[in-house]
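Mapped onto full-length UniProt numbering, the consecutive letters of the sequence shown carry residue numbers 1 to 86.
Comments concern the structure below.
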Amino acid sequence: MLGGYATGALTDVEWLLMYTHLSECRHCRTELGRPDLPNRAAPQVIRPPAPGRARQPRPGWSVAVGLALVTALVAFGVGYALGVSG
């Protein structure tokens with residue numbers, strides 16, 4: 001598993017287990033420092049998201065709040081106009 005850690009081929013759980021083990025095991029830290037372990041400073045592999053239909057963002061609260069503000073402004077304008085003329 002040390003080789004997988006060194007090359008960034010471990011899953012997130014395996015990487016965390018190995019990282020924790022390395023903090024406690026001097027022998028494995030020494031092995032990791034050997035030059036014959038390729039790419040020993042490699043970060044974890046970042047996997048792209050699984051292919052599939054991309055999720056489209058929904059308008060959500062911003063549209064509802066905007067609509068409420070416009071409605072309030074129109075109501076205020078109509079009320080003001082009726083109060084001034086009547």
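Beta carbons are placed, not taken as given, at the ideal position from N, Cα and C, and that holds for glycine.
Check this for me: beta carbons of residue 22 and residue 32, under 9 angstroms apart or not?
For residue 22 and residue 32, yes; Cβs fall inside 9 angstroms.
Output the distance between the C-alpha atoms of residue 62 and residue 9, rounded to the nearest integer angstrom.
Rounded to the nearest angstrom, the two C-alpha atoms are 42 angstroms apart.
Can you look up residue 33 in the DSSP assignment and give me helix, strand or coil?
Three-state DSSP puts residue 33 in coil, outside helix and strand.
Leaving out five residues before and five after residue 29 in sequence, what residues of the same chain have Cβ atoms less than 6 angstroms from its Cβ?
The residues are 22.
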